[in-house]
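Everything on this sheet refers to the single structure shown next.
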Amino acid sequence: MARPDHPDREENGGGSSAAYSVAGIPVVDLNILANGDADQRKEEIQHLGRACADWGFFMVINHGVPESLQGATMDACKELFSLPTEEKAEYMEAGPMDPIRVGTGFNSAVDGVRYWRNYLKMFAHPELHCPAKPAYLREIAAEYAARTRGLTLELTTAVSESLGLDGSRIAEALNLDKCLQILIGNHYPPAGPDIGAIGLPTHSDHGLFTLLFQNGVNGLQVKHGGEWLLAKPIPGSFFVIVGDQLEIVSNGRYRAVLHRALVDGKQARMSFLSLIGPCLETVVEPIPELAQEASRGAKFGGIKYREYMEHQQSNKLRENAALDIVRVQRGILARQVSMNNSPINV
Ligand code: OGA
Ligand code: NI
């Protein structure tokens, strides 16, 4: 995919060919990271760092995952949603840490209200878990998971460099060889404004990075500079969403972006996500070098990713409140405060 000649394209950084954005959203070119000369790479890595720090959100192009594979993955997911309920029943009983889950809303056990969404979540790494039907889903999901995992690991290397660290530093600290990868398919049926439906309320993602693509229907919004911005993709690109674990390991230098999904009045909207987090048993904490250079030291305490994810997934979604359990405030780990004084469950 060549850089598109998009009417909204804006060159940043004094007309340099690297740093640029489309419709306001930073765009990172994976081809430059993989094949650029030293100067081009350096510039693109700085651009990536700014995108993570200022936005927590950007698009990637020239990423090597074929558009046909994106399409096939979404089609298979669509077919799963259209199966009769009894074919999906065993996955509809599943809890947040079960490897295959089909449901509505966010966590319908605690939502109270129903968000206008059907979803499929499947753990894809270290082991692929896949519903039995449709039968061809497994092969497509395996391919899709491998390709998007490779892409996320490539990005992680560049992000590590953008923080002034060795390329492998984050992957080593988080044991990403054994990373957790979750594939998520979302389907938002059309709903008119009269019923006030929302697809997914404001939240941040619990992992390190999420890659997202959608069918032709817009609806993803990200919060930037206090405003909601509709994310319009370059066809074939991925949106990259910085998640809570990157905010923790980067000691707050990179921010987990708040986002939400709206529904369309007329058309069904679909999105498909690959979320990568550390190995579930890894204790996630700020990288010591980054905590040392910060004025007030570590901004977050350590937490096992499994514990963090269970917490975030079992409660109502309240923006990025899950991060509060590891935030250090005035030298005290907030988790101790909330455990002693006020219940964190809502
Ligand atoms: C999510 C999410 C947005 C979308 O599933 O975490 O943010 O556009 N989805 O479906
Ligand atoms: Ni999300």
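When you line the sequence shown up against our numbering, it's residues 108 to 453, in that order.
Even glycine gets a Cβ: it sits at the ideal position worked out from N, Cα and C.
In the three-state reduction of the DSSP assignment, N138 falls in the helix class, which pools H, G and I.
Apart from the 5 residues on each side of it in sequence, T259 sits with its Cβ closer than 6 Å to the Cβ of F316, I383 in its chain, given in chain order. Under a 10 Å Cβ-count criterion, Q436 is classified as exposed, with fewer than 16 other Cβ atoms of the shown protein chains found around its own Cβ.
Taking non-hydrogen atoms of the ligand NI into account, the C-beta of D351 is found less than 7 Å away from none of them. When Cβ pairs closer than 8 Å are counted between the two stretches, the segment 290 to 307 is seen not to touch the segment 135 to 148, the count staying below three. Within the DSSP secondary-structure output, A368 pairs in a beta bridge with L307, L327. Residue state for E334 is assigned as strand, using DSSP reduced to three classes.
Counted as a single uninterrupted DSSP element, the alpha helix (DSSP H) harbouring M181 occupies residues 174 to 189.
Residue pairing for P133: DSSP places it in a beta bridge opposite S128.
Not one heavy atom of the ligand OGA falls within 7 Å of the beta-carbon of G299. When only Cα atoms are considered, P203 and D144 end up about 44 Å apart. In the DSSP assignment, the residues bridged to H232 are Q288.
Counting only the Cα atoms, L430 lies some 12 Å from E414. In the structure shown, H294 adopts extended strand secondary structure according to DSSP, grouped into three states. Beta-carbon to beta-carbon, K240 and L290 are separated by about 16 Å, too far to satisfy the 8 Å threshold.
Just so you know, the alpha carbons of P238 and E400 end up roughly 46 Å apart. For V347, the uninterrupted beta strand (DSSP E) run begins and ends at 345 to 349, by DSSP.
According to the DSSP secondary-structure assignment, T389 is paired through a beta bridge with no residue. Taking a cut-off of 5 Å from the heavy atoms of the ligand OGA, the residues with a C-beta inside it are N293, L327, A368, S378. Residue nearest to G350 within the set L318, G343, Q374, R376 is L318 (criterion: CA-CA distance). The beta-carbon distance between K285 and C386, rounded to whole angstroms, is 4 Å. This is short enough to meet the 8 Å contact definition.
In the same chain as Q420, and ignoring 5 residues on each side of it, the C-beta atoms closer than 8 Å to its own belong to P203, M204, N214, H313, in chain order.
For I348, the distance from the CB to the nearest heavy atom of the ligand NI is below 7 Å.
Cα atoms of E246 and L272: separation of roughly 36 Å, rounded to the nearest angstrom.
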